[in-house]
Each structure stands twice: as C-alpha cells, then as structure tokens.
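Taken in order, these protein sequences are the chains called Z and H.
Plus 48 on top of the position in the first sequence (first one is 1) and you've got the numbering used here.
Plus 44 on top of the position in the second sequence (first one is 1) and you've got the numbering used here.
Virtual Cβ for every residue (Gly too), placed ideally from N, Cα, C.
What follows is a set of notes on a single structure, which appears directly below.
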Amino acid sequence: APTGLTPNTLEEITNYNNYYEFGTGKEDPAEYAHNLTTAPWSVEINGMVDKPGTYALEDIVKGKDIEERIYRLRCVEAWSMVIPWNGFQLSALLDQVGVQSGAKYVAFETAYRPDEMIGASRPVLDWPYREGLRLDEAMNPLTLLATGIYGKDLLGQNGAPLRLVVPWKYGFKSIKSIVRITLQEEQPFTSWKDANHREYGFYSNVNPTVDHPRWSQATERVIGAGLFGSRRETDMFNGYGDEVAGMYSDLDLQKNF
Amino acid sequence: MSLPLLPGVIADPVNRTLRKVPAWPLYILGAIPPVVLFWAGVTGRLGVDPVKDMEHQMGEWGLWLLIAGLCVTPMRRYAGISLLKYRRAFGLLAFFYILGHLLIWLVLDVQILSQIWADIVKRPYITVGMGAFVLMIPLAVTSNNASIRRLGKTWRRLHKLVYAIALLGSLHFVLLVKGFQIEPYIYMAVILALLALRLPRTGKRRSLRAA
Numbered sequence: 049a050p051t052g053l054t055p056n057t058l059e060e061i062t063n064y065n066n067y068y069e070f071g072t073g074k075e076d077p078a079e080y081a082h083n084l085t086t087a088p089w090s091v092e093i094n095g096m097v098d099k100p101g102t103y104a105l106e107d108i109v110k111g112k113d114i115e116e117r118i119y120r121l122r123c124v125e126a127w128s129m130v131i132p133w134n135g136f137q138l139s140a141l142l143d144q145v146g147v148q149s150g151a152k153y154v155a156f157e158t159a160y161r162p163d164e165m166i167g168a169s170r171p172v173l174d175w176p177y178r179e180g181l182r183l184d185e186a187m188n189p190l191t192l193l194a195t196g197i198y199g200k201d202l203l204g205q206n207g208a209p210l211r212l213v214v215p216w217k218y219g220f221k222s223i224k225s226i227v228r229i230t231l232q233e234e235q236p237f238t239s240w241k242d243a244n245h246r247e248y249g250f251y252s253n254v255n256p257t258v259d260h261p262r263w264s265q266a267t268e269r270v271i272g273a274g275l276f277g278s279r280r281e282t283d284m285f286n287g288y289g290d291e292v293a294g295m296y297s298d299l300d301l302q303k304n305f
Numbered sequence: 045m046s047l048p049l050l051p052g053v054i055a056d057p058v059n060r061t062l063r064k065v066p067a068w069p070l071y072i073l074g075a076i077p078p079v080v081l082f083w084a085g086v087t088g089r090l091g092v093d094p095v096k097d098m099e100h101q102m103g104e105w106g107l108w109l110l111i112a113g114l115c116v117t118p119m120r121r122y123a124g125i126s127l128l129k130y131r132r133a134f135g136l137l138a139f140f141y142i143l144g145h146l147l148i149w150l151v152l153d154v155q156i157l158s159q160i161w162a163d164i165v166k167r168p169y170i171t172v173g174m175g176a177f178v179l180m181i182p183l184a185v186t187s188n189n190a191s192i193r194r195l196g197k198t199w200r201r202l203h204k205l206v207y208a209i210a211l212l213g214s215l216h217f218v219l220l221v222k223g224f225q226i227e228p229y230i231y232m233a234v235i236l237a238l239l240a241l242r243l244p245r246t247g248k249r250r251s252l253r254a255a
C-alpha cells in the first residue's frame with residue numbers, strides 16, 4: 049500500500065464529491081446532502097447469510113475495531129485525493145452475519161429517497177444506486193466500511209452514515225449510504241455498468257493501461273495541488289497491487305476492466 | 045415577419061437607444077470575467093478543483109457568446125431589433141473564450157504533450173471540440189472590415205461556418221458528461237432552434253405571393 053500519503057483537507061474532502069442523488073455538480077452534494085436523514089439508520093443484510101435481517105447501525109458498529117486508514121481515492125474521472133477514513137473491515141461484518149458457502153458476490157444498495165435527495169428525481173442513473181464486489185474482494189483486509197473521516201462522523205456528501213471504501217478500484221465502486229447488503233451467487237447489477245457497459249466494467253480496478261473510452265487513465269489530477277499543480281502517473285491498482293493483485297492472476301484485466 | 049406589437053412599441057425605442065451604444069465596450073466587458081476567474085483561481089477562491097472550474101466556466105461562456113451571436117439575425121427578423129453591430133464582438137469574444145478554454149486544458153489540465161495529442165485523436169468529445177475551435181480560426185482572422193471588403197460574398201458563406209461551430213460546441217458538451225444529464229441537451233436544443241429559425245420560409249412566401 050502507498051505510504052507517506054498526505055491527506056487532503058476536510059474542506060476539500062467534503063466539498064468535492066460525486067454523489068449524483070444530490071446533483072451532478074461537484075459541489076451539489078455539499079449543498080444538499082444534509083437533507084438526508086441518517087439517524088436512525090438500518091441496513092438490511094440478506095441473501096446467502098446465516099443471520100439475515102435488518103440491522104440497526106449501532107448493532108453493526110458495536111464491537112468493531114474502528115481504525116484510521118489513509119487511502120488514496122482514485123476517481124474514474126482521472127482525479128485523486130487522499131482521505132483519512134475511520135472504519136472497520138467489511139470482513140468483520142460479513143463474519144458476524146455468517147456468509148454461507150455458495151455465496152460468490154456481495155451486492156450493495158444506496159438509500160433511494162427522492163424526498164431527501166434532490167438529484168434522485170432525475171434519470172441520471174437507474175436508481176437506486178447499486179454496486180457489487182466479488183466475495184474475495186469484499187473479504188480483503190483493505191476493504192473498509194467507513195463511518196468517519198478525520199475522526200468525525202461522515203457527512204452526507206461522503207456517504208453518511210455508512211459507506212464502502214475499496215481503495216484499489218475507481219471511486220464509484222465505493223458505494224455510499226448503504227441500506228442493503230446481499231450475499232449471492234451471481235454477479236450483481238452495478239449502476240454504472242448498466243448505464244454504459246463500454247465505459248464501466250464490473251471490476252473497475254484502477255488501471256493506467258486501460259483507458260476509459262473518453263479519456264486516458266494513465267495520469268490523474270491531484271486535487272488540492274492548486275492551479276499549477278501537476279498530474280501524477282496513475283499506479284496499477286491505485287498502488288495497492290501488493291495486497292490485491294493476487295486476486296486477479298487468472299483474469300484478463302484488459303477484458304475484465 | 046415580425047411580431048405585430050414589437051416594431052412600434054418596443055423595437056423602435058430599443059433601436060434608438062442601441063444606436064447610441066457603441067460595440068467597443070463589449071470587448072472591455074468581455075475581458076473582465078476571464079481576469080476575475082483567473083485571479084480567483086490564483087488566490088484559491090475557485091473551490092477544490094480550480095482548473096476544472098476555470099475550464100468549464102470558460103467553455104460555458106464561449107457557448108453563451110456563440111448563442112448570442114446566433115440570436116442577432118432572429119432578433120432582427122422576428123422582433124425588429126438590430127444588434128448587428130455587436131455581432132462581431134460576440135463572435136470574437138466567443139473565439140477568445142474558447143481559446144482560453146483550450147489553453148487552460150492544455151497548460152493547466154492535461155499538461156503532458158503526448159497525452160494531449162492522444163486525447164485529440166482518440167477521444168470523440170475532444171476531437172469534436174478541437175474541430176469546432178479550428179473552424180473558428182478563419183472566422184476570427186476575417187472578423188474585420190478589410191476582410192469583409194476583400195472577400196465579398198465569400199465572407200458571408202465562410203461565416204456560415206458558425207452554425208457548424210455552435211452545433212459541434214454543444215455536441216462536445218453532450219459527449220463529455222457522465223450518465224444522463226439535461227444541461228448540455230438544453231444548449232443543443234437552443235442552438236438547433238436558433239438554426240431552425242433561419243430555414244427559408246418558402247411556404248409563407250409563396251402564400252404571400254399568391255395573396
């Protein structure tokens with residue numbers, strides 16, 4: 049994993065967001081996401097698990113080891129920032145509910161509340177926003193369920209109160225404001241792949257050698273570097289190759305982008 | 045054919061006022077937003093991603109100015125209001141804004157020469173935007189009285205290129221957004237409507253002649 053990363057400021061992290069349920073502008077989520085009611089919050093966990101049910105957020109967080117993880121977030125739009133997350137490993141929650149044998153994928157769903165989400169009444173994507181991981185990706189120690197940034201509770205624009213963080217994949221895989229987690233055998237529906245399968249694949253691993261059809265992924269703009277800040281070269285798996293490359297040794301990443 | 049009420053009640057006083065307003069202050073006014081924008085960027089008041097913000101704002105201003113230029117003929121034809129003397133300023137300012145938009149992309153955004161060329165040939169939205177810019181160059185170069193005199197009828201034909209430029213500009217916007225977003229389609233619809241207003245109205249003319 050990349051070390052010595054300097055986190056972006058909280059100001060930057062909370063004012064530059066892609067969260068289309070609150071509008072497609074980068075500042076829209078900061079303006080409108082406070083309308084989302086995040087307490088009480090519960091997550092339905094179902095599918096191939098031993099203990100399915102609707103779990104209150106408190107019961108999900110209880111007993112978990114909340115640690116700080118400073119990860120680089122690489123957006124599919126070719127920019128990146130560094131975020132000091134607070135959270136726990138997704139594997140801890142999956143262990144708690146008991147994944148049954150035969151489950152191969154984890155599907156996630158974001159809250160869909162047009163009354164509270166000003167952008168969700170527009171057909172930008174096929175709402176609710178959905179994402180998914182292969183089970184081994186979900187169980188990887190890097191994969192986090194985040195509850196905070198800089199030691200404070202997550203703000204709406206960052207996916208309050210509970211979101212996924214998968215640092216070796218493009219940012220859109222790290223689904224926000226999770227209300228449902230489903231363990232299943234088949235590959236889940238994922239919103240961006242559904243919107244444009246030529247541009248967004250299921251895996252969406254950060255990969256400088258596979259361009260987005262409309263732009264290069266070889267480099268990224270560094271958010272916070274200012275007007276004359278330069279780009280940096282994008283790292284394979286966003287720099288997390290040591291921890292994750294082994295999961296893809298049998299996969300043609302040019303095809304399974 | 046103008047709208048019935050406009051010529052006497054609105055158009056005449058508007059035209060009388062406009063006769064006293066020269067076009068040159070537009071160039072000075074037009075220089076202010078980019079300077080303000082650049083200064084805001086330098087002093088960190090353009091938000092988290094100042095480069096993209098400048099890039100988008102300049103591009104959007106360029107589209108607005110192209111649309112303003114395309115409004116001149118319909119305004120005269122349908123409302124009897126003559127903005128003809130400002131059209132060159134709209135066009136030239138549009139050119140300079142798009143040039144600024146392009147320079148911000150080249151110098152502050154992409155920065156890497158090899159990637160710039162790859163983007164131009166490989167990325168349709170950049171190819172389209174670049175095409176629109178290249179088409180603007182001959183128009184900007186000939187936006188002066190001497191060229192109008194020298195080129196005569198050719199000048200009028202040449203400057204019809206602005207129709208293609210505006211369409212390509214809005215297409216560039218349509219192609220670059222993610223998911224389904226309405227804003228670029230609004231620009232494209234406005235431009236298409238302004239072009240449609242220029243279609244020859246053969247039906248009406250024929251009926252007039254018949255009467």
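For Z:VAL97, the beta-bridge partners assigned by DSSP are Z:VAL147. Straight across, the Cα-Cα distance linking Z:PRO261 with H:THR61 is about 52 Å.
Counting the other CB atoms within 10 Å of its CB gives Z:THR238 a total of 16 or more, which places it among the buried residues. Counting C-beta pairs closer than 8 Å gives three or more between the segment 189 to 208 of chain Z and the segment 129 to 141 of chain Z, which meets the contact rule. For H:ILE142, not one C-beta of chain Z is nearer than 8 Å to its own C-beta. Z:ASN63 and H:GLN101 have their C-alpha atoms roughly 18 Å apart.
According to DSSP, residue pairing for Z:HIS260 in a beta bridge involves Z:TRP263.
Under the Cβ criterion of 8 Å, H:TYR229 is not counted among the residues facing chain Z. Residue pairing by DSSP places Z:LEU212 opposite Z:LEU193 in a beta bridge.
At a C-beta separation below 9 Å, H:PRO118 has no neighbours in chain Z, since its nearest C-beta there lies roughly 30 Å away. One alpha carbon belongs to Z:GLU115, the other to H:GLY223, and they sit about 34 Å apart. For Z:GLN137, the enclosing beta strand (DSSP E) starts and ends at 127 to 137. Close to chain H, meaning a Cβ-Cβ distance shorter than 9 Å, are the following residues of the segment 126 to 151 of chain Z: TRP127 and MET129. Partner residues in the beta bridge of Z:GLN232, as assigned by DSSP, are Z:TYR153. For H:LEU236, same chain residues with a beta-carbon under 8 Å away, outside a window of 5 residues either side, are LEU211 in chain order. Distance from the CA atom of Z:VAL172 to the CA atom of H:LYS197, rounded to whole angstroms, is 46 Å. Out of Z:LEU58, Z:GLU59 and Z:PRO77, the CA that lies nearest to the CA of Z:ASN65 is found in Z:PRO77. Looking from the CA of Z:ALA266, the closest CA among Z:TYR248, Z:ARG178 and Z:ARG122 belongs to Z:ARG122. The beta-carbon separation of Z:PHE156 and Z:LEU212, rounded to 6 Å, stays under the 8 Å limit for a contact. For Z:GLU60, at least one C-beta of chain H is nearer than 8 Å to its own C-beta. Interface criterion met: the Cβ of Z:LYS74 is under 8 Å from a Cβ in chain H. Around the beta carbon of Z:TRP216, 16 or more other beta carbons sit within 10 angstroms, so the residue counts as buried. Around the beta carbon of Z:ASN56, 16 or more other beta carbons sit within 10 angstroms, so the residue counts as buried. According to the DSSP assignment, H:TYR141 belongs to the alpha helix (DSSP H) that extends over 131 to 147. For Z:ILE271, a Cβ of chain H is located within less than 8 Å of the residue's own Cβ. With 16 or more neighbouring CB atoms inside 10 Å of its own CB, Z:GLU268 falls in the buried class. Counting every other CB atom within 10 Å of its CB across the protein chains shown gives H:VAL79 a total below 16, marking it as exposed. Closer than 8 Å to the CB of Z:PRO171 there is at least one CB belonging to chain H.
Taking 8 Å as the threshold, the shortest C-beta distance from H:TYR169 to chain Z falls below it.
Straight-line measurement puts the Cα of H:ASN189 at about 57 Å from the Cα of Z:ASN83. For the pair of segments examined, the segment 89 to 96 of chain H was found to touch the segment 141 to 154 of chain H: the number of CB pairs separated by less than 8 Å reaches three.
Beta-bridge analysis with DSSP links Z:GLY180 to Z:ALA155.
Residues GLY95, MET96, VAL97, LEU183, LEU231, GLN232 and GLU233 of the same chain have their beta carbon placed closer than 8 Å to that of Z:ALA151, with the five preceding and five following residues left out of the count. Distance from the CA atom of H:ARG242 to the CA atom of H:TRP199, rounded to whole angstroms, is 18 Å. Residues of chain H whose Cβ lies closer than 8 Å to the Cβ of Z:ARG262 are, in chain order, ARG167, PRO168, TYR169, LEU219 and LEU220.
Using a Cβ-Cβ cut-off of 8 Å, H:LEU152 counts as an interface residue toward chain Z, since at least one Cβ of chain Z sits closer than that to its own.
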